[in-house]
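Engineer: Going by the numbering used here, the letters in the sequence shown line up with residues 1 to 117, in that order.
Think of the CB as a built atom: it goes at the ideal place given N, C-alpha and C, for glycine as much as any other residue.
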Amino acid sequence: MQIDGMDLLAVREATKEALKKVRSGSGPVFLEAMTYRFRGHSMADPVAYRETSEVEEWRVNDPIERFKSFSLAEGLMSEDELAQIDREVIETIEEVVEFAKNSPEPELDSLWDNVYA
C-alpha cells in the first residue's frame, strides 16, 4: 500500500487500515511511505546535487508544519500549546545530546553488536 508519508493523517489512517488487516488474519501488509529527505545522507553529504528551489518546493509539505496548520485550523491546539511542544522537543534534544556527549565511547569489540546486515 503506497501512502503520502508527508501527511501525518494519511499515515495514521493507512496504519490503522494495515493493522486491521493484519489482526483479522488477512496476512502481512507492506506500507510504502513516499517522503522527501530534506537533508543529506550523513553529515558528510553537502546535498550539492539538489537545487535550493527543489528543497523549498518540498518544504511546503513538511509533515510537522502541515500538522501544526491542521491542528490550528481544526481547533485541536492553540499557538501556545504548539509553542510548548516545540520547547519540550528542544529540551529533550538538548538532554539526549548532552547524554551522548557525556557517555563513554563504546568498546571496539561491540562495533557489530545488533548489526544484522
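#1: E74 by DSSP, collapsed to three states: which one?
#2: State buried or exposed for I64, treating a residue as buried only when at least 16 other CB atoms are found within 10 Å of its CB.
#3: Tell me where the beta strand (DSSP E) around D80 begins and ends.
#4: Under 6 Å Cβ to Cβ from W58, same chain only, skipping five residues before and after it: list those, please.
#5: Per DSSP, which residues does A33 bridge with? Please list them.
#6: Would you say M34 and G75 are within 8 Å of each other, going by their C-beta atoms?
#7: Quick check on D7: buried or exposed, where buried means 16 or more other Cβ atoms within 10 Å of its Cβ?
#8: Check each candidate in R39, D62 and M43 and name the one with the smallest Cα separation from E51.
Structural biologist: Taking the structure as given:
#1: In this structure, E74 counts as coil in the three-state DSSP scheme.
#2: I64 should be labelled exposed.
#3: Element bounds for D80: not the beta strand (DSSP E) but the alpha helix (DSSP H), E79 to N102.
#4: The beta carbon of W58 lies closer than 6 Å to those of Y36 in the same chain, with the five residues before and after it left out.
#5: Per DSSP, I3.
#6: Taking a C-beta distance under 8 Å as the contact criterion, M34 and G75 do not qualify as a contact pair.
#7: The residue in question, D7, is buried, as its Cβ has 16 or more Cβ neighbours within 10 Å.
#8: The option with the nearest alpha carbon to E51 is R39.
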